Amino acid sequence: DAMVIQNPRYQVTQFGKPVTLSCSQTLNHNVMYWYQQKSSQAPKLLFHYYDKDFNNEADTPDNFQSRRPNTSFCFLDIRSPGLGDAAMYLCATSRGLAQETQYFGPGTRLLVL
Amino acid sequence: GNSVTQMEGPVTLSEEAFLTINCTYTATGYPSLFWYVQYPGEGLQLLLKATKADDKGSNKGFEATYRKETTSFHLEKGSVQVSDSAVYFCALRTNNAGNMLTFGGGTRLMVKP
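First to last, the protein sequences are chains C and X. To get my numbering, take the position in the first sequence, counting from 1, and add 81. To get my numbering, take the position in the second sequence, counting from 1, and add 258.
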């Protein structure tokens, strides 16, 4: 059974048109993460939530925002996608922040036209 | 800061060959070490982990031993299968970085029948 679910698996948007990617989890984990993975590169952490506490990585562009309305759901909003934002976006969860395994979703591949 | 270095791919092997993917790390403190696998078009899956020196992680025939003296965590498998074709990421996590993972650049493995 899927534990970290990402929808859609593929998303196409237009240059500059806002887009939202979604992630849900059935694990009741406290922490949710968003990573960006460009082709043939390692995943790069954008931000994470510990419960409702939002933590942004220092080099995450302002164009990327996130919302976590409840424990189960977390959204990634890209306000004005550029061609360079085309990537795989991975959601992950963990029970806590100390020595906890991260569980990844299947990812959403974003294409910007 | 923390960093992970993996051998560059692609690594191409014939079925039933022996696999080694090298991984070395630099970290402050005492890291936990991980191998994640990413199959084509999918998210990351935790393959194995080790949380302290001399621990051996193992799963699905893959093994890796945490070597503090050489700061390494090389991935091995005695006999690879076509279904092992994927990208393998070495990663670490330290207490002083919360639960944030630092990934290596990934190594693509291609197994031919």
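Glycine included, C-beta positions come from ideal geometry on N, C-alpha and C. In this text, all values refer to a predicted model and were calculated from it rather than measured experimentally.
Within this structure, are the beta carbons of residue i and residue j separated by less than 8 Å?
i	j	result
L305 of chain X	Y294 of chain X	yes
K119 of chain C	P162 of chain C	no
K307 of chain X	F320 of chain X	no
G188 of chain C	G362 of chain X	no
T360 of chain X	S261 of chain X	yes
F128 of chain C	S105 of chain C	no
L271 of chain X	V340 of chain X	no
A168 of chain C	F347 of chain X	no
Y114 of chain C	K125 of chain C	no
Considering only residues of the same chain and omitting the five flanking positions on each side of residue i, which have a CB-CB separation below 7 Å?
i	result
H110 of chain C	T174, S175, R176
T152 of chain C	N109
Note down the Cα distance separating residue i from residue j, rounded to an integer number of angstroms.
i	j	result
L194 of chain C	G165 of chain C	11 Å
R149 of chain C	C155 of chain C	4 Å
N144 of chain C	R366 of chain X	31 Å
L102 of chain C	R160 of chain C	11 Å
F331 of chain X	I279 of chain X	9 Å
Q95 of chain C	S316 of chain X	44 Å
D137 of chain C	G336 of chain X	The amino acid at residue 137 of chain C is misidentified as Asp; the sequence shows Asn. So the alpha carbons of these two residues sit roughly 41 Å apart.
K370 of chain X	S343 of chain X	9 Å
P142 of chain C	G259 of chain X	21 Å
A285 of chain X	L178 of chain C	18 Å
For residue i, which residues does DSSP report across the bridge?
i	result
A308 of chain X	X:L291
H129 of chain C	C:Y114, C:N136
N88 of chain C	C:S103
T263 of chain X	X:T282
N109 of chain C	N109 of chain C is not bridged to any residue.
Between residue i and the rest of its own chain, which residues show a CB-CB distance below 8 Å, the 5 nearest in sequence each way excluded?
i	result
K326 of chain X	A311, D312
R90 of chain C	P187, G188, T189, R190
Excluding the 5 residues preceding and the 5 following residue i in the sequence, name in chain order all residues of the same chain whose CB lies nearer than 6 Å to its CB.
i	result
N353 of chain X	G287
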